[in-house]
Structures are given as C-alpha cells and as structure tokens.
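Here numbering that gives the first Met the number 0 is used: the first residue of the sequence shown is 0, the next is one more, and so on.
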Amino acid sequence: MLPPILLLFLLLVGSLSSAAAAPLHPPQPLPPWARGFLPGADLQRLVDAAVASGAASVELPAGDFSFGRAPFVVRGAVNLRVHGQGPTATGTSRTSLWFDPGFGVEILSCVNATVEGFSMDTIAPPFSQAKLVAFDLGLGTPRPTTALVEIEPGFPMPTPTSSPLFNESCPDGSEGVCGEVKMIYWDPASRHMVQGQQMNSAITTAKTVCNVLANARGGARLCNVTVGQPNLDWTPPPGSLITFSPRVAAGKYPIPTYYKGTLAVLNCSRTLLQHIDTFSAGDMTRLECLGYGRNVYRDVNIRRRAEPPYPARLLASNSDGFHTFSVEHGPVVENCELSYVK
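In structure tokens, the structure reads:
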C-alpha cells in the first residue's frame with residue numbers, strides 16, 4: 000500500500016494531466032487550411048515507444064500535426080531527447096503541433112529529458128476579437144458600462160450560446176464561475192495593448208447580447224457587451240480593437256493550481272526545454288509544478304505567428320506567461336520571449 004503522502008502526490012499529478020480531458024466543448028470542424036494536417040496520434044505513438052524501450056532519442060518529423068482534444072504527453076522519460084525539426088534559419092519550426100483550445104503539451108515525471116524543436120498553436124482562436132463601435136459609461140456606483148462591438152471574421156462571439164469557451168462554468172461541472180472573461184483594449188494602428196488599463200475588466204457573458212443589430216450593418220456580427228468593472232480613467236474611442244479572453248479549463252480550487260498549462264511540466268527533474276514557440280494558448284501558457292525541479296527553459300517563447308494561415312490574432316495567450324510553484328528548485332530561464340499575453 001502506498002504511503003498517504005505519496006498517494007496524494009500521485010493523485011495531484013494525475014488530476015493536473017486529466018484536466019485536459021474535461022469536456023470543454025464539442026469537437027469543431029476543421030477549417031479548409033487545416034484539413035491536410037497529419038494525426039497527432041502518430042507523434043504520440045513514436046514518443047510512447049521511445050519511452051517504453053529506454054531509447055536515448057526520438058525524432059519528431061516535419062509537418063503539421065493535429066491533436067484536437069488530446070494533449071501531447073511525454074511521460075516518465077529518463078535521459079531521453081525528444082526533438083522536432085526546428086527552428087529553421089528564419090526562426091520557425093517545421094514541426095508544428097495544433098490543438099483545440101485548452102489542450103497542449105504535458106511533460107510528466109521526467110528526469111534529465113530534453114524536449115525541443117517544435118511550435119504549438121490552436122486551430123480555432125481561444126478568444127473573441129472585435130472592433131469598438133460605441134462605449135457607454137453609465138452613472139452611479141458602480142458605474143454600469145456597456146460596449147457595442149463588431150466581431151471580426153474568424154472569431155467566436157463572446158456568449159455561451161455562440162461558443163462554450165464563454166460559458167464561465169467549471170470544467171468538472173460544479174456550480175460557480177471559473178472561466179472569467181477579460182476585456183482588453185488594443186491600439187488599432189500598432190496592434191499593441193493600450194497602456195494604463197487594468198487587466199481585471201471582466202465582462203458578464205450572460206448579459207451579452209449578439210446579433211441584435213446585425214441587419215442594420217449589412218450582416219455584421221454586433222454584440223452589446225456588459226462590462227463588470229471597467230477600471231478605466233479614459234474612454235476608448237470608436238475603432239479601438241478589443242479582445243475577450245476566457246481562462247479555458249480554469250478550476251475552482253488551487254489544488255495544487257487553479258489552472259492547467261498549454262505547456263505543463265509536472266513532477267520533473269533537470270529537464271531541458273528549448274526552441275519551442277507557442278503562438279496560441281487558451282490557458283496558462285507555461286506551468287511548472289511539483290518535483291525536484293531545476294528545469295531549464297531556453298528559447299521557449301510566447302509570440303504571435305508572423306504569417307498565420309488564420310485571421311491575424313492580437314493575443315498569443317489568454318492567461319499569464321509562466322507560473323512555477325511547489326517545485327523544490329526553481330527554473331532556469333534563458334533567452335525567452337513572453338509577449339501578447341493577457
């Protein structure tokens with residue numbers, strides 16, 4: 000029989016990994032540009048076989064691989080190098096991993112492993128993107144605020160009926176609000192976040208009404224959004240760009256964390272991650288938790304894709320860039336870019 004502390008430890012690691020299997024939303028049809036992607040299960044079989052055989056190295060081939068609603072897992076690797084085909088001379092990877100929002104790469108219980116040379120992205124955007132039409136800052140305390148926005152093509156409307164990403168519910172089905180949806184303002188010329196805004200400006204998706212004025216603007220998707228806490232000392236001008244970003248798969252309790260990670264390193268020791276680009280993440284972009292630690296992150300970046308096959312996205316991640324906690328020894332971070340995160 001396992002000691003109680005060890006059993007609890009294994010349960011925590013398992014719960015973090017299994018969060019990816021939560022029923023976030025039904026599978027979505029692939030857009031035309033993604034229909035030729037290769038199955039991600041092919042890469043998973045390669046890595047599983049390498050770990051089982053005790054191999055020293057496994058090579059991920061070039062190509063676009065779709066994992067859908069499943070993570071890419073490296074579990075229990077010891078002294079194993081997992082390397083994709085990247086980066087190239089232009090800084091991009093020829094091994095690209097694509098996921099549904101809320102899923103990603105999980106490095107679990109590895110020792111002296113190396114994981115490198117690929118990019119991560121989501122086929123569907125994990126957030127909504129819009130242009131401000133009108134902004135109404137009401138009277139009273141707290142001040143009721145509404146914004147009329149036009150949703151850009153290729154992005155979901157920020158309502159639970161339009162996309163389950165915005166249902167603000169908990170992935171385990173329990174009552175309460177887990178997936179808070181943040182509203183962020185962007186400069187339309189530079190496409191950078193407007194400085195001076197508070198990042199706790201959440202919207203109330205249950206009070207957001209879309210398509211009410213669709214016919215008035217030739218079929219444009221318009222939404223009237225209720226802002227809970229605007230926290231602004233300025234009024235955004237019409238034409239400002241806006242993103243509505245939920246924390247996908249956020250839980251209610253910090254056991255050991257509220258969030259899962261698009262790149263999750265759990266219960267690992269002296270593992271090297273390098274030459275990895277994340278172009279889209281619906282949850283915590285980097286999450287390190289439990290284990291001995293002393294993991295190294297070298298050229299592990301969060302950035303927007305330079306030449307995307309999809310409509311240009313403002314955000315690279317819906318949540319924070321890097322969380323590390325409950326690790327015996329902290330990480331080493333070298334030459335990493337963290338940009339365009341909420």
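From the three backbone atoms N, C-alpha and C, an ideal C-beta is built for every residue, glycine too. It should be emphasised that the depicted structure is a prediction, and the values quoted were computed from it without experimental measurement.
Going by beta carbons, Cys-222 and Thr-207 fall inside the 7 Å limit. Shown here, Trp-32 sits in a helix according to DSSP, grouped into three states.
Taking the CA atoms as reference points, Glu-151 sits about 18 Å from Val-180. Excluding five sequence positions before and after Asp-135, the CB atoms of its chain that fall closer than 6 Å to its own CB belong to Thr-145, given in chain order. Ile-301 sits close to Ser-316, with the two beta carbons spaced by under 7 Å. The residue from Pro-70, Asp-276, Gly-281 with its alpha-carbon nearest to that of Asn-334 is Asp-276. Relative to Thr-284, the option among Ile-241, Pro-125, Glu-327, Ala-305 whose CA is nearest is Pro-125. Under the DSSP assignment, Ser-52 falls outside any beta strand (DSSP E), being part of the alpha helix (DSSP H) whose first and last residues are 40-52.
For Thr-225, the enclosing beta strand (DSSP E) covers residues 221-226.
Note: His-328 is bridge-paired with Gly-292 in the DSSP secondary-structure output. Here DSSP, grouped into helix, strand and coil, assigns Lys-341 to coil. In terms of Cβ geometry, Ala-69 and Val-57 do not form a close pair [threshold 7 Å].
Linking Val-224 to Arg-34 through their CA atoms gives a straight-line distance of about 34 Å. DSSP places Thr-121 within a strand segment (E or B) once states are collapsed to three.
Under the three-state reduction of DSSP output, Lys-259 falls in the coil class, being neither helix nor strand. The alpha carbon of Ser-279 has as its nearest neighbour, out of Val-110, Gly-53, Gln-84, Ser-127, the alpha carbon of Ser-127.
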